[in-house]
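Residue numbers (our numbering), protein chains in the order written: chain A, 16 to 626; chain B, 918 to 1372. The beta-carbon is built from N, C-alpha and C at its ideal position, and this holds for glycine as well. In this text the structure is predicted, and so the values were computed from the model without any measurement. Report on the structure given below.
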Ligand SMILES: Cc1cc2nc3c(=O)[nH]c(=O)nc-3n(C[C@H](O)[C@H](O)[C@H](O)COP(=O)(O)OP(=O)(O)OC[C@H]3O[C@@H](n4cnc5c(N)ncnc54)[C@H](O)[C@@H]3O)c2cc1C
Ligand SMILES: Nc1nc2c(ncn2[C@@H]2O[C@H](COP(=O)(O)OP(=O)(O)OP(=O)(O)O)[C@@H](O)[C@H]2O)c(=O)[nH]1
Ligand SMILES: [Mg+2]
């Protein structure tokens, strides 16, 4: 039989892709090397944080699974950036890894229209339909294929002079090359795991979880749970001396590795080498309720085993720690820039989608959202619907994918809030308002969830309107309330919104002045919308400007080389990237304002000739 | 297609007679010019395509120039939009001032080749002419680019780069804390950040003051005459000026102090600065004079290096040639009426890029050639472009200033970091319009080179 969608890979990208496609009614097959790989977190068992937290919220609003899964299976939950504004506040969770994987496996295996099978894909060809062959001789046919193989393509693990290939997929790389696809080498690394019972926690700082009401999912309240603490300790001078002494034994420095690693996730070797004389943080993160093993975040390393052991001995609390799995660096293939389109389909390869780390990103959340979008777009292709492309002005997801399409990566890509132009508007607290309707239209959000979202925001807008209209005068009792709250009295009548805009006033005080009492999560939203109204209005203007060029679509197979007046560099870059719109073209490095003018003229001629 | 706003630019820079044209195109063009044009009747009530005589006045009612203005109503104009042309004859300075007024009135400075682009997009030129339009855009922008690059080599470039560096540092600190809240980054010292921001604001304001009204155009292109004593520097000033302003004697070391005078060359003001002759081993007063000469030379837009051709080159000549290398400079070998002991080739070998002229100030030959060379050096190479670049830069600096002030104010009000980032980022984007750099890549570089982040 011919599947509508075949997903290769059962990681975070694969799971979301397979779930989205099958939930949209496509007959879907998900292939994974092993069942145990499903929703695996090969690095630290934590989700969220700045940038990534926003991604999970957006994924939830579009009907993905990750948010619900972590809300059920967390061991610890915290809200980061509490002291800063709401746009950059972010949830971060420690997962019970086994529980997380167990639940996700259950979800995918009980999903209607979704078949899950073990099998290592060794060949991929045709298209469409695409033929997928596995090592054990099975052969499948699919209208669409989503490649979500993570770091597995031609992977090579390095540790000191040890070098070995994990259960790899070099056959699949070869198949991709036969399809004419080009790859680059990237690298990442991971820290040792140790037996938590051999750690002396008394020498460390404890980091407990927080009792929060809202989790990642907009679906109801966060279940209350017993939480496990993390711990914090630091490297010492002895650590630095040891690492620097053995620097040439690390694969990364001995020249064994050519791939480029992420700067935001440096190995301990790089930290000591580049930032000498500084102690570094080491976080102890639990891996699960059922296992004594803990993860040491902050000491990602490719040093030989015996040095890793000595290294831990220099860190307070880890002197006697027994390593259960050594750290390593891993090099792998990822897709070269210029081949991926904004729908996550490979350009000119009808029905062949790529999602996750294979696209050059790093991180579970980054992988998951790509899987979701690839799943939605594969389904759209099968059903003959419009693809879903989110703009940079609509979602972090939009920024992420647009960056993958327009920017040539020189390191694994991680979501950062700093990459997002309209950060104040794209908040984690309003992801539902921004995207749930899209999820509903696509068919991944049911009417009930949508209605709940709408009720929530109707309350917010009504309250905001009320605050903007309700005025108070500088009566004595008003002045007393204000002074008692530590803010200055009124000089003239003011609206409640004006008062709320003050830095030192919160909604609680507004209620005392006659504002309507609201549930705390609604009050928080109102506060944001009112306090930042000025900045939000500015962003809205910028977004309008941004949209003008985004709306001017470029012909899909335009021959840029033949356009006179374009600079050589612009010709080359545009021919490779083949942007969708003038706006996207402008973001490609090497395309100048003059090139943009030329493009506009050429576009006009193109249209004129057609009509 | 982006068509819709009103654009303006110098269409023709002043030629020999000093007449230059400013062209304004777009829906608000008539209204914008009408507000500054004072003729017999309001501009909009004149006949289409009829030249109207009047004065351009600024907001304070100060007259800038006598002009002829002509309205070409849509669609019977080059761009098929309402177009107004202002013909003025006061030279570069008023031309620029008028353009500034038009921009202040709501027009936007046209992009390279934009009038032609509009003509095309509005159907004035047919599709077959698209190629030609694209060529025009390319050519204009290449020239603009070269000018921009030239300009950035100078002090402006250095100062903007330094500013950008400081603001990037501020932004990196704020952003790093937002994206890596669990890291050990020392807490932002708000007072220090506020101080840096205020300092940056002051520096931008300072730069901007230099731009206002176009220093070079109002004060004249700073042209400093340097040379050894007795080579004829003061004679040169007097000759170009047409009057005996500086004292001329045959005694070396006559000029002790700096003398400045403005002359017009084809409508472009040139500020001539005569200096004391450069030599070594002097008394205190003379040494001071020499020191001032050096300072003047350092500030010059253009250096006129005078060499006495009747004697062999001396050590000071070599020193001066060394200083002039890499700057805008013209070398004059004077006293061409006397037997020559210095060969032009010797000088050329040392200063290959600077134009070299032989003159005799005493007999008065070589002077027209000199004026033309000065004009070419400062004007011919595109003062129009320089002016436009200046205007763009000034606009960008104004934006940057407003944004930095906004950030400082937000900081004062105790707003949180991500809001301060908004304005700092806007300031960097504005400065990027001058240097042609974008914020994003540089920001991440800055963050990761400053802080050890990530687990
Ligand atoms: C060692 C290491 C360290 C990391 N460190 C960090 C970090 O510090 N910070 C961070 O944010 N992220 C880190 N990551 C990245 C993060 O783990 C990934 O980005 C994320 O898990 C990628 O998800 P994915 O779905 O794209 O791929 P994966 O989760 O890798 O899933 C790949 C799936 O594809 C399947 N598969 C592969 N080949 C085949 C085949 N031929 N046939 C069938 N199935 C196949 C596998 O069985 C698996 O199910 C690290 C990853 C690794 C491996
Ligand atoms: N023969 C000849 N003499 C000239 C010429 N130009 C200037 N002189 C004479 O050279 C002498 C010095 O002229 P100045 O103009 O005072 O020289 P200066 O460079 O200003 O000298 P200081 O001010 O002393 O540095 C005067 O006697 C001039 O008349 C020329 O072209 N030919
Ligand atoms: Mg003199």
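For this session: Report buried or exposed for residue 212 of chain A, applying the criterion of at least 16 other Cβ atoms within 10 angstroms of its Cβ.
Result: Classification of residue 212 of chain A: exposed, given that the 10 Å Cβ count is below 16.
Exercise. Hey, out of B/1176, B/922, B/1040 and B/1148, whose CA is closest to residue 1167 of chain B's CA?
Worked result: Minimum Cα distance to residue 1167 of chain B is reached at B/1148.
Exercise. When DSSP builds the beta bridges, which residues end up paired with residue 1251 of chain B?
Worked result: In the DSSP assignment, residue 1251 of chain B is bridged to B/1225.
Problem set entry | Alpha-carbon spacing of residue 274 of chain A relative to residue 265 of chain A, whole angstroms | Just so you know, the alpha carbons of residue 274 of chain A and residue 265 of chain A end up roughly 14 angstroms apart.
Exercise. For residue 1101 of chain B, which residues in chain A fall below 9 angstroms Cβ to Cβ?
Worked result: Neighbours of residue 1101 of chain B in chain A, taken as residues whose beta carbon is under 9 angstroms from its own, are 249, 293, 294, 295 and 296 in chain order.
Problem set entry | Chain-order list of residues whose beta-carbon lies under 8 angstroms from that of residue 525 of chain A (same chain, five-residue window excluded) | Annotation for residue 525 of chain A: 482, 511, 514 and 515 place their beta carbon closer than 8 angstroms to its own, counting only its chain and skipping 5 residues before and after.
For this session: Would you please verify whether the beta carbon of residue 353 of chain A is less than 8 angstroms from any beta carbon of chain B?
Result: Interface residue (Cβ-Cβ distance to chain B less than 8 angstroms): residue 353 of chain A is not classified as such.
Exercise. Does DSSP put residue 919 of chain B in a helix, a strand or coil?
Worked result: Residue placement at residue 919 of chain B is poorly supported in this model, since its pLDDT is 41, which falls under 50; the coordinates still yield a value, given next. Coil, per DSSP.
Problem set entry | Residue from A/76, A/355, A/317 and A/503 whose Cα sits closest to the Cα of residue 468 of chain A | That would be A/76, whose Cα lies nearest to the Cα of residue 468 of chain A.
Exercise. Does the separation of the CB atoms of residue 1365 of chain B and residue 278 of chain A fall below 8 angstroms?
Worked result: The answer is yes: Cβ separation under 8 angstroms.
Exercise. So residue 588 of chain A is in the alpha helix (DSSP H); what residue range does that whole segment cover?
Worked result: Note, residue 588 of chain A: alpha helix (DSSP H), 583-592.
Exercise. How is the alpha helix (DSSP H) around residue 30 of chain A delimited, first residue to last?
Worked result: Counting along the chain, the alpha helix (DSSP H) containing residue 30 of chain A begins and ends at 27-38.
Exercise. In whole angstroms, what separates the C-alpha of residue 16 of chain A from that of residue 313 of chain A?
Worked result: Near 48 angstroms, if we compare the C-alpha coordinates of residue 313 of chain A and residue 16 of chain A.
Exercise. What's the gap between the Cα of residue 1161 of chain B and the Cα of residue 579 of chain A?
Worked result: Roughly 57 angstroms separates the two Cα atoms.
Problem set entry | chain B residues whose Cβ lies nearer than 8 angstroms to that of residue 164 of chain A | What residue 164 of chain A touches in chain B: nothing, since even the nearest Cβ is about 24 angstroms away.
Exercise. Looking at the unbroken alpha helix (DSSP H) that takes in residue 946 of chain B, where does it start and where does it end?
Worked result: Unbroken alpha helix (DSSP H) run through residue 946 of chain B: 946-953.
Exercise. Between residue 96 of chain A and chain B, is there a C-beta pair that is closer than 8 angstroms?
Worked result: Chain B contact via Cβ: present.
For this session: Measure the beta-carbon distance from residue 1406 of chain B to residue 1012 of chain B and round it to whole angstroms, keeping in mind my assumption that it falls under 8 angstroms.
Result: Residue 1406 of chain B lies beyond the residue range present for chain B, which begins at 918 and ends at 1372; the question has no answer from this structure.
For this session: Indicate whether the contact test is met: 3 or more Cβ pairs, each with one atom in the segment 935-945 of chain B and one in the segment 1019-1031 of chain B, closer than 8 angstroms.
Result: Yes: at least three Cβ pairs fall under 8 angstroms.
For this session: Would you verify that the beta carbon of residue 431 of chain A is, or is not, closer than 8 angstroms to some beta carbon of chain B?
Result: Look at residue 431 of chain A: its C-beta is under 8 angstroms from a C-beta on chain B.
For this session: Helix, strand or coil for residue 525 of chain A, going by three-state DSSP, please let me know.
Result: In this structure, residue 525 of chain A counts as helix in the three-state DSSP scheme.
For this session: State yes or no: is the C-beta of residue 1140 of chain B within less than 8 angstroms of the C-beta of residue 1291 of chain B?
Result: Against a cut-off of 8 angstroms, the Cβ pair of residue 1291 of chain B and residue 1140 of chain B comes out as a contact.
For this session: Just the C-alpha distance for residue 1324 of chain B and residue 518 of chain A, rounded to the nearest angstrom, thanks.
Result: Residue 1324 of chain B and residue 518 of chain A: Cα-Cα distance of roughly 15 angstroms.
For this session: For residue 49 of chain A, verify whether its CB is less than 7 angstroms away from any heavy atom of ligand 1.
Result: Within the cutoff, so yes.
Exercise. For the segment 1076-1103 of chain B, which segments carrying the beta strand (DSSP E) assignment without a break, of at least 3 residues, lie completely within its bounds, in sequence order?
Worked result: Counting only runs of 3 or more, we get nothing.
Exercise. Does DSSP classify residue 4 of chain A as helix, strand or coil?
Worked result: Residue 4 of chain A is absent from the model: chain A starts at 16 and stops at 626.
For this session: Check the Cβ-Cβ distances between residue 992 of chain B and every residue of chain A, and say whether any is below 8 angstroms.
Result: For residue 992 of chain B, the answer is no, since every Cβ of chain A falls outside 8 angstroms of its Cβ.
Exercise. By the 10 Å Cβ neighbour count, where 16 or more other Cβ atoms means buried, how is residue 568 of chain A classified, buried or exposed?
Worked result: Residue 568 of chain A comes out exposed.
Problem set entry | Cβ of residue 438 of chain A within 8 angstroms of any chain B Cβ | Answer yes: the Cβ-Cβ gap between residue 438 of chain A and chain B drops below 8 angstroms somewhere.
Exercise. From which residue to which residue does the alpha helix (DSSP H) around residue 860 of chain B run?
Worked result: Outside the displayed span of chain B (918 to 1372) sits residue 860 of chain B, for which this structure offers no information.
Problem set entry | Proximity test, Cβ basis, 8 angstroms: residue 942 of chain B and chain A | No, residue 942 of chain B lies away from the interface with chain A (no Cβ there is under 8 angstroms from its Cβ).
Exercise. If you measure from the beta carbon of residue 1299 of chain B to each beta carbon in chain A, is any gap under 8 angstroms?
Worked result: Only weak support exists for where residue 1299 of chain B lies, its pLDDT of 47 falling under 50; the coordinates are left without a value.
Exercise. What's the gap between the Cα of residue 42 of chain A and the Cα of residue 334 of chain A?
Worked result: Between residue 42 of chain A and residue 334 of chain A, the alpha-carbon positions lie close to 53 angstroms from each other.
Problem set entry | Inter-stretch contact at 8 angstroms, needing at least 3 Cβ pairs: the segment 1221-1236 of chain B / the segment 1198-1207 of chain B | Output reads no: the segment 1198-1207 of chain B does not touch the segment 1221-1236 of chain B.
Problem set entry | Residues near residue 1083 of chain B by beta carbon distance below 7 angstroms, same chain, minus five either side | Correct list, in chain order: 1113 and 1117.
For this session: Could you name the residues of the same chain whose beta carbon sits closer than 6 angstroms to that of residue 618 of chain A, not counting the 5 residues immediately before and after it, in chain order?
Result: Cβ within range, chain order: n/a, list empty.
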